[in-house]
Structure formats: structure tokens, C-alpha cells
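Each residue of the sequence shown is one higher than the one before, starting from 21 at the first, in this note's numbering. Comments concern the structure below.
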Amino acid sequence: MCIVPKGTGCFLSFATDWTGFCHQYPGIRSRVVTLDIHLIVPFFRELCFSWGVASSSEKCIVKLLQAPNDPDHKLNSDGNTSNAVVIIVGGAAESLNCRPNNYQLVLKRRKGFCRIALQTGTALVPVINFGELDLFDQPSNPPGSRLRTCQEWMKAKTGIAPPAFIGRGFFQYNYGLIPRRKPINTVIGAPIEVARVETPSAEQIEALHAKFCTALEDLFETHKSSYVENHENNLIHLRTADESCSKLSGAAEPVGEYSGGTNGCHG
């Protein structure tokens, strides 16, 4: 499952089962993956493991996808027989552009997940967390600005990009670190079936990536009127990490279903 945009909705829907994923998809175990650095910090790593979070390394992802489906296997003692690996495709770079109603996704050059899908014959499932961007705002940080330079330096050194979140406080709504009171709705698209190719070519990877982007855009266009304010002027924009992060308008570049969130999952 490939999720956009980056934020807390992924954790709520797929690590805590807050929205009832296990009841909607019986037999499937959702496994959110994250950077290794999150799994080495004392105490925090124990929390991650208790929620079923795993490493986002290729080796770990492949191992999860190729896990045995035998219901009697010791790894399936929880009653599930397969893993749904949950990947936040945009990663840390995407979090630096998170602002209300600003669906700019760092996806153009993110193709490793397509290669792994081809090598393992795993279906790709597009997922959008509507409302994710409305929880926090950020100060302006265009590429080249002092703030952005500092954030990118930290990302290069640690793998973690520190967004300058602006939320709300306990007794006022103008600033603070508490998320704003906004609903998150997780919409899960139809799976894109993938035939297994042991050594996929660059053309095959590119074709699958284009197919995924198209499915993601279609999913957004289908549901944005229900979950996005000023939806007529909002489109998904696929970009690279170093492109301008100023809010765009107009035509987007070309890029299934079950729908849920903190409000519920939908499909």
C-alpha cells in the first residue's frame, strides 16, 4: 500500500487499527515501514515494534512480502495470513511541503517501490489521506531559503526532515504543536495487479510507475469533492524534492476503491 501525503493518518489507520482495517480486510496484517533511525532510539523503538512498525529497507520489505501464507505457521498465530506493507512514498522530503490544500507529492523519481513490486509480483494499492495536510501549517520555506537549507542539512545527516509545524494550543487556535481539529479520511484505491518479473527492465519499472501515478490521480479526482475544500482548484502535482514548493494552480501533470481515517476508512 503506497500512501500520500506523508503524515499521521498512515499511523492511525494502519498501525493502530483506529479505523478498523482488520475488520474491513480480514486475514491481512498491515505493516507500516519507516526509517531505521526510528527503530534505534531507546523507548521509541519499543513503541514502534509494539505497533508492528518495521524497517523500510528493501531487504525487510521483501521479507515481509514473501512471508509464508500458511495459517498454521508460527508467524501467523494472530490469525492473519498475509502482510500489507504500508509505504509512505514521499518520505521525509514530502513533509517539508505539507500545507493545507497543497497536494504536492514527491513522487516523480520515487520508483524503487515499483521495482520491488515487479520483483515480488506484489499488487500496488494507491492510498490518499484526505485532511492530512490540514492538521498543521508551516512557515514559508522555498528551496534556497535559510529554513529550507537547515532542514535539508538535517535530513542529509540523519534521514529525518524536521518540518516547522504550526498547529494550535490548548486554549487558542493560532499557534502551537497540537494538531488542528480536522477530520482525516483514508481512501484506499483498487489494487494494481503486477506480474512477477525477476529482473525488471527500466521500461517495465517506468510503465508501472506511470500506471500507479494515473491511478493515484484518478483516485484523488474521484473523491476530492467530498474531502477537499475549494476542490475545483486543487490537483495533485507530482514533483521532485528539489522543485519549487510554492503553491501551484492550474493543470497538473498526468499522473480503485475503499475509503476511512480518523473519521473512517472509505472505499
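Beta carbons: idealized from backbone N, C-alpha and C, even for Gly. Computed from a predicted structure; not experimentally measured.
- In the DSSP assignment, Ile23 forms a beta bridge with Ile108 and Val147.
- Within the same chain, and ignoring the five residues on either side of Val52 in sequence, the residues whose Cβ sits closer than 6 Å to its Cβ are Phe34, Ala35, Val73 and Val106.
- Counting of Cβ neighbours within 10 angstroms places Arg166 among the exposed residues, the total staying below 16.
- Under the three-state reduction of DSSP output, Thr54 falls in the strand class.
- Contact check for Asn117 against Thr101 fails: the beta carbons are separated by 8 Å or more.
- Shown here, Asp157 sits in a strand according to DSSP, grouped into three states.
- Contact between Asn149 and Pro25 holds, with the beta-carbon distance rounding to 7 Å and staying under 8 Å.
- A direct Cα-to-Cα measurement between Ile136 and Ala112 gives close to 20 Å.
- For Ala181, the number of other beta carbons within 10 angstroms of its own is at least 16, and it is reported as buried.
- The beta-carbon distance between Arg259 and Val147, rounded to whole angstroms, is 19 Å. This is too long to meet the 8 Å contact definition.
- Judged by DSSP in its simplified three-state form, Ala74 adopts strand.
- Looking at the DSSP output, Ile48 sits in a beta bridge with Ser102.
- By the neighbour-count criterion, in which a residue is buried when 16 or more other Cβ atoms sit within 10 angstroms of its Cβ, Tyr193 is exposed.
- With a threshold of 16 other beta carbon atoms within 10 Å, Asn250 falls short and is exposed.
- For Gln124, the secondary structure class from DSSP, reduced to helix, strand or coil, is strand.
- Linking Pro120 to Arg49 through their CA atoms gives a straight-line distance of about 31 Å.
- By the criterion of a C-beta distance shorter than 7 Å, Asn103 is surrounded in its chain by Arg49, Arg51, Leu84, Leu85 and Ala87, once the five residues flanking it on both sides are discounted.
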